[in-house]
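Engineer: Structure in structure tokens, see below.
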Amino acid sequence: MIFSARGLAKRYGRVNALGGVDLEVDAGELVGLLGPNGAGKSTLVKIAVGLVRPSSGSAVVCGSPAGSAAARASLGYLAELFRFPGWYSADELLALHQRLAHSSGGAAERTGLLELVGLADARDKRVEAMSKGMQQRLGIAQALVGSPKLLFLDEPTSALDPAGRRTVRRLLERLKSQGVSVLLNSHLLSEVELVCDRVVILLDGKVVAQGAPSELSQPRGVEIETDEGVRLFETAGREDVPQLVERLVGEGRRVYGVRLLTSTLEDVYLEYVGEEAA
Amino acid sequence: MSDGLAIVGYALRESVRKRMFHVVIVLTAGFIGLFWLGTNELFQELDTITPPEGIDARTLVGATVLGLGMFGTLFLGTVLAVFLTLSAVRGDAERGLLQPLVVRPLGRGTFLGARFAGAAAVCSLYVTAVYATIAAIVHVEGDWSPDRIVTPGLELALAVSILAGLSLLGSVFLSSTANGVAVFMVFGAGLVAGLLGQIGEALDSETLRGIAHDASWILPFEALYQDALHRLTADTTGFTGFVLQLGPFGGAQAGGGSLLPWVAAYLALLAAAALAGFARKDL
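From first to last, the protein sequence lines are chains X and C.
Quick note: the first sequence uses this note's numbering, first residue 1, plus one each step.
Quick note: the second sequence uses this note's numbering, first residue 1001, plus one each step.
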């Protein structure tokens, strides 16, 4: 277990931001954290990285209590709202974080990270001259300084264009193959569905659902394309397909295609949090 | 240690990159220019000045103009100290600058200590350089030097370091604007304490002197400033010494042997309060 939270709760005055969350992330696992605004996603991540103190419960990062120096030494973090000093170049900023993370990677690590996020040509470019998307890529590179075992990414693609999102998706897949664990907080459900092994849905500070995207999705019927058009069999499942096709052929229809319908992660998400909260 | 030095370097670089630093440099150039002009005029008219009997005109003019210059130096140093530190914690956290740094293994105490060291180094260097410049101007234009030349400059540097510490402490709890206003009000309170002491001396009021004394110890940057003024004419005795004690913008008062230990304790208290607040702060 690379990260675990037990009964994690946080109150801000009268506001209950987290109401006793249990969560585990295994080594090499990519977990998506979903939920509407105010569900407690960022608070959970901030407790894990030591920025916020829990009101009760505990969290452990790589065997050390969350917030301890040892825990912080083994993680990388990209905040939802972050800013880097404008006068730093990309290379200088990464060098600063190398010193703070006690990384001995030197210039080779910086070069590798900048290439990884597609900023190899912007090595000497100052942050103040970068677009928001470039700064977000630099933020991801910064989170990867020191080869952390666990990565907390809070909305890492919010400022990225489709090409940038694809870069991040590939990066996440690569990190996963290297055994790095990632807790990804994102509103982009399609993205989470594509890359995450497991998703956790938070609502009002509590976990309301969790599991692999395929486990959470529900069958939504079978769609069969015939010479009369597309017919939907809402209550049918995979096992019913041969009988349905046989019946249609028996009725003299020509069958061109069969599609099993399942709910998307978005459907599942909306089911749990409700249209209004979403 | 390496973490701390990295943050000191970060703070130093931030200091010289901030627009405010450039504004202070321009203001300083203006201040030194005017000071030079004024000092030149005053010493040229020295022969026309008829001081009361028993007062040395050159000492009176030299100590007064240098004391005035020291007040200007302290004020500019305070502006610099406040603007370098007013948003170091809460302000930077609200802008998202702080979080990427403090999630690194360095402790929050190291971070605060390094931010203080960076700000205090810049402000101390600045104040020492300006003080040395105005002391040199007074020497060149009036052929007058203070009785103690090094210590007053160091005390001014220590005074702005205390103000940087106060501002850093305020930045843990207050938003940038509120902190800036609060620290300048504290600075103003110190100034008022000095003026009260001056009035107390002139009126021979023990109560006013007592209030000024207590206030300057509650705000020891003021006590350091008064002690620095006192050292300008530490060896001057008689009526000249008495008149100079009234000094501009706060009377010259010897701090005594307990001033520096108290300043060290005061800085330690500021550090403890800032650390306690920062350690409990949710970012």
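Backbone N, C-alpha and C fix where the C-beta goes; we use that ideal spot for every residue, glycine too.
For G1194(C) versus A1271(C), is the C-beta distance shorter than 9 Å?
Structural biologist: no
Engineer: How long is the line joining the alpha carbons of L30(X) and V192(X), rounded to whole angstroms?
Structural biologist: Taking the straight line from one Cα to the other gives about 9 Å.
Engineer: Please state whether DSSP places S1145(C) in a helix, a strand or coil.
Structural biologist: coil
Engineer: For M134(X), count neighbouring C-beta atoms within 10 Å of its own C-beta (all shown protein chains included) and say buried if the count is 16 or more, exposed if not.
Structural biologist: buried
Engineer: Going by beta carbon distance, what residues of the same chain come within less than 6 Å of S1145(C), once the five residues before and after it are set aside?
Structural biologist: Once the five neighbours on either side are set aside, the close Cβ partners of S1145(C) are H1139.
Engineer: In whole angstroms, what separates the C-alpha of A1234(C) from that of E80(X)?
Structural biologist: 59 Å
Engineer: Name the chain X residues whose beta carbon is nearer than 7 Å to that of L1106(C)?
Structural biologist: L100
Engineer: How would you call H97(X), buried or exposed, if buried means at least 16 neighbouring beta carbons within 10 angstroms?
Structural biologist: The residue in question, H97(X), is buried, as its Cβ has 16 or more Cβ neighbours within 10 Å.
Engineer: Relative to the alpha-carbon of Q1253(C), which residue among E1222(C), M1020(C) and A1117(C) has its alpha-carbon at the smallest distance?
Structural biologist: E1222(C)
Engineer: For R254(X), which three-state DSSP category applies?
Structural biologist: coil
Engineer: Among A39(X), I2(X), R6(X) and V199(X), which residue has its Cα nearest to the Cα of A17(X)?
Structural biologist: A39(X)
Engineer: Would you verify that the beta carbon of L142(X) is, or is not, closer than 9 Å to some beta carbon of chain C?
Structural biologist: It is worth fixing the name first, because residue 142(X) is Gln in this sequence and not Leu. So, interface residue.
Engineer: What whole-angstrom Cβ distance do S181(X) and L216(X) have, given they're in contact under 8 Å?
Structural biologist: Contact doesn't hold; Cβ gap of about 20 Å is too wide.
Engineer: Can you find at least 3 beta carbon pairs, one from the segment 138-146 of chain X and one from the segment 107-118 of chain X, that sit closer than 8 Å?
Structural biologist: Between the segment 138-146 of chain X and the segment 107-118 of chain X there are three or more C-beta pairs closer than 8 Å, enough to call the two in contact.
Engineer: Under three-state DSSP, which class holds G1033(C)?
Structural biologist: Of the three classes helix, strand and coil, the one that applies to G1033(C) here is helix, per DSSP.
Engineer: Pull out every residue of the segment 1084-1105 of chain C whose Cβ sits closer than 8 Å to any Cβ of chain X, in chain order.
Structural biologist: R1095, G1096, L1097, Q1099, P1100, L1101, V1102, V1103, R1104 and P1105
Engineer: In chain order, what residues of the same chain lie with their CB nearer than 6 Å to the CB of Y1131(C), ignoring the 5 residues before and after it?
Structural biologist: T1073, G1153 and L1156
Engineer: Distance, Cα to Cα, M1(X) vs S214(X)?
Structural biologist: 22 Å
Engineer: List in chain order: all unbroken alpha helix (DSSP H) runs of 4+ residues lying wholly within the segment 1180-1234 of chain C.
Structural biologist: 1206-1218 and 1220-1232
Engineer: Give the secondary structure of I1055(C) by DSSP, where H, G and I count as helix, E and B as strand, and everything else as coil.
Structural biologist: If DSSP states are grouped into helix, strand and coil, I1055(C) belongs with coil.
Engineer: Does DSSP put K149(X) in a helix, in a strand, or in coil?
Structural biologist: coil
Engineer: Find the residues of chain C that neighbour P148(X), judging by a C-beta separation of less than 9 Å, and give them in chain order.
Structural biologist: What P148(X) touches in chain C: nothing, since even the nearest Cβ is about 10 Å away.
Engineer: Unbroken beta strand (DSSP E) runs of length 3 or more, entirely within the segment 59-99 of chain X: which are they?
Structural biologist: Listed in chain order, they are 75-78.
Engineer: According to the Cβ coordinates, are E1014(C) and G1118(C) closer than 9 Å?
Structural biologist: yes
Engineer: The alpha helix (DSSP H) spanning I47(X) covers which residue range?
Structural biologist: K41 to V49
Engineer: Among G67(X), S131(X) and L189(X), whose alpha-carbon lies nearest the alpha-carbon of G280(X)?
Structural biologist: Chain X is shown from 1 up to 278; residue 280(X) falls before or after that span and cannot be answered.
Engineer: Since A1006(C) meets chain X, which of its residues come closer than 7 Å, beta carbon to beta carbon?
Structural biologist: By Cβ distance, chain X contributes L96, R99 and L100.
Engineer: Can the beta-carbon of V21(X) be found less than 9 Å from the beta-carbon of A5(X)?
Structural biologist: yes
Engineer: So that I know if they touch, is there some Cβ in chain B lying closer than 9 Å to that of R1115(C)?
Structural biologist: The structure shown has no chain B; the protein chains it does contain are X and C.
Engineer: For P54(X), which three-state DSSP category applies?
Structural biologist: It is coil, neither helix nor strand.
Engineer: Give the residues of chain X in contact with S1002(C), contact being defined as C-beta atoms less than 9 Å apart.
Structural biologist: R99, L100 and H102
Engineer: Find the residues of chain C that neighbour V49(X), judging by a C-beta separation of less than 7 Å, and give them in chain order.
Structural biologist: V1103
Engineer: The beta strand (DSSP E) that contains R231(X), what's its start and end?
Structural biologist: For R231(X), the enclosing beta strand (DSSP E) stretches over residues G229 to F233.
Engineer: Under the assumption that L1112(C) contacts L1232(C) (Cβ atoms under 8 Å), give the Cβ distance between them as a whole number of angstroms.
Structural biologist: About 35 Å; that fails the 8 Å criterion.
Engineer: For Y1010(C), decide whether its Cβ has a neighbour in chain X, counting only Cβ atoms nearer than 9 Å.
Structural biologist: yes
Engineer: When the Cα atoms are used, what is the spatial distance from D240(X) to L194(X)?
Structural biologist: The straight-line gap from Cα to Cα measures roughly 28 Å.
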